[in-house]
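Just so you know, the sequence shown maps onto residues -21 to -1, 1 to 305 in mature numbering (1 follows the signal peptide of the UniProt record, and there is no 0). For glycine and all other residues, C-beta sits at the position ideal for the given N, C-alpha and C. Working notes, beginning with the structure itself.
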Amino acid sequence: MRRLAAIPLSAALLLAAAGCGGNSGTPTPTPAAPGQQQGRPDKVAAGVIAIVDVAPIYLGKQKGFFSGRNIDLDLQTSQGGAAIVPGVVSGQFQFGFSNVTSLILAKSRGLPIKMVSNGVASTGKDGADFGGVLVKADSPIRSAKDLAGRTVAVNTLKNIGDTTVRASVRKAGGDPASVKFVELAFPDQPAALAAGRVDAIWVVEPFVTAAKAQGARLVASNYVDAAPDLTVAAYFTSQELIARNPDLVKRFKEAMAESLAYAAAHPDEVRAVIGTYTQIAADVTVKITLPAWPAEINKASVQTLTDLAVQDKLLDKAPALGDLLP
């Protein structure tokens, strides 16, 4: 991929599911098992997705923030959190990255997981976030309220996409229950919108930029509408690892905190590192809107996502967030 218009052709590798829901995928097996032996560093496998959201952990590895804490970090890519969550529970991965709604759903099913670090957050700026709802330039849809009764594409049904889009519709005074959602991979959504197969799309970067380049118009910043400074995704681990090797978990958290802070302060280096693990071309990375990477998880926003999951019937009952939050 060397041109913006070509993003949908090669971006199948960029299914931005963790920051945003996720399609199932099969992670590459790894024999990594934590535990220092004879002074050697801990070998740690982390399940991630090749999207903009995880730039800090790649940058942190490059800068030595993990090796400096005696962690030999192996980043294993998967298509989405649907594969990463069981990978962490089984011990295939010591840590993983997934969107918050997926983690809430996993916890509600009794899976023994716990967040350990922030992953990625909304910029909190309406009209200038890394995700949003877009329509064709000539669409009669002028605001989120007008999405009522319309068909909106999301990358994964019954996840963070449709609940936050409904939050935008609700906030604008529309009927969120009347929105019709269809599942469509992010790379395919700009073309589907242009062809009129859907009324609106919900995408994240680099697909926001790709859709705009094709004439699409932003009508809602759904992450911003859902909660102030929404924590979109987090790094997590298993309760078993926390009990067995709390020192490793502590060092991973410290390395992630340093990585997040560095990424937030060095956007040019973030844009450069994105090209090392995705196929987003350099002329595109300079145009995309980067997310926010605060060090701390916004716990109030996690509660909001939980409430939305219950309100929109993704859950019958909210799980105990104290067991999920760090």
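_CA-to-CA distance, residue 223 to residue 135, given in whole angstroms_ = 34 Å
**Asked** Do you know offhand how far residue 205's Cα is from residue 280's?
**Response** 8 Å
request  = Spell out a yes or no on whether the region 260 to 273 and the region 26 to 42 are touching, meaning 3 or more CB-CB pairs, one atom from each, closer than 8 Å.
outcome  = yes
Could you work out which residue in 273, 48, 51 and 67 is closest to residue 57 when comparing CA atoms only? 67
Could you tell me the distance, in whole angstroms, from the CA atom of residue 296 to the CA atom of residue 142? 16 Å
ask   = Just the Cα atoms here: how many angstroms apart are residue 160 and residue 133?
value = 7 Å
Q | Rounded C-alpha distance that separates residue 115 from residue 288 | A | 29 Å
- request: Take residue 197 as the anchor and find which of 51, 88, 107 and 74 has the nearest alpha-carbon.
  value: 107
Hey, would you say residue 100 sits closer than 8 Å to residue 53, going by beta carbons?
-> no
- Query: Comparing alpha-carbon positions, which option in 172, 255 and 95 lies nearest residue 112?
  - Reply: 172
Worksheet entry | Contacts around residue 219, its chain only, beta-carbon distance under 6 Å, and the 5 residues preceding and following it disregarded | none
Across which residues does DSSP place residue 94 in a beta bridge pair?
-> 215
task = Starting from the C-beta of residue 152, find all residues in its chain whose C-beta is less than 6 Å away, skip the five residues before and the five after it, and write them out in chain order.
result = 124
ask   = Since residue 27 and residue 109 are thought to touch, with beta carbons under 8 Å apart, how far apart are those beta carbons, to the nearest angstrom?
value = No, residue 27 and residue 109 are not in contact; Cβ-Cβ is about 17 Å, not under 8 Å.
So does the region 42 to 49 actually touch the region 83 to 100, counting three or more Cβ pairs closer than 8 Å? no
| message | So, under 8 Å CB-CB, residue 129 and residue 179 are touching, yes? Tell me the CB distance rounded to an integer number of Å. | response | 6 Å
_Just verifying my parser: in three-state terms, what is the DSSP assignment at residue 311?_
Residue coverage of the chain in this structure runs from -21 to 305, which leaves residue 311 outside it and unanswerable.
Checklist entry - Where do the N-terminal and C-terminal ends of the alpha helix (DSSP H) with residue 55 fall, by residue? => result It is not in any alpha helix (DSSP H) - residue 55 instead sits in the beta strand (DSSP E) that spans 50 to 56.
*asked:* Could you give the first and the last residue of the continuous alpha helix (DSSP H) run that contains residue 393?
replied: In the structure as shown, the chain begins at -21 and stops at 305. Residue 393 is therefore absent and cannot be evaluated.
Discussion item. Just to confirm before moving on: does the CB-CB distance between residue 304 and residue 276 stay below 8 Å?
Written reply: yes
Legend entry - Terminal residues of the alpha helix (DSSP H) in which residue 189 lies: 186 to 192
Confirm, please, whether the CB-CB distance from residue 103 to residue 207 is below 8 Å. yes
Inter-residue Cα distance where the pair is residue 217 and residue 193:
43 Å
key: Integer-rounded CB distance, given that residue 158 should sit under 8 Å from residue 131   = 6 Å
Can you list, in chain order, the residues of its chain with a C-beta nearer than 7 Å to that of residue 200? Leave out the 5 residues immediately preceding and following it.
105, 106, 108 and 111
**Report entry** Where the alpha helix (DSSP H) containing residue 68 begins and where it ends
**Finding:** 60 to 69
Beta-carbon spacing of residue 60, residue 81 below 8 Å
yes
Residue 78 and residue 211: beta carbons closer than 8 Å? yes
Does residue 75 pass the burial test, meaning 16 or more other C-beta atoms within 10 Å, or should it be called exposed? buried
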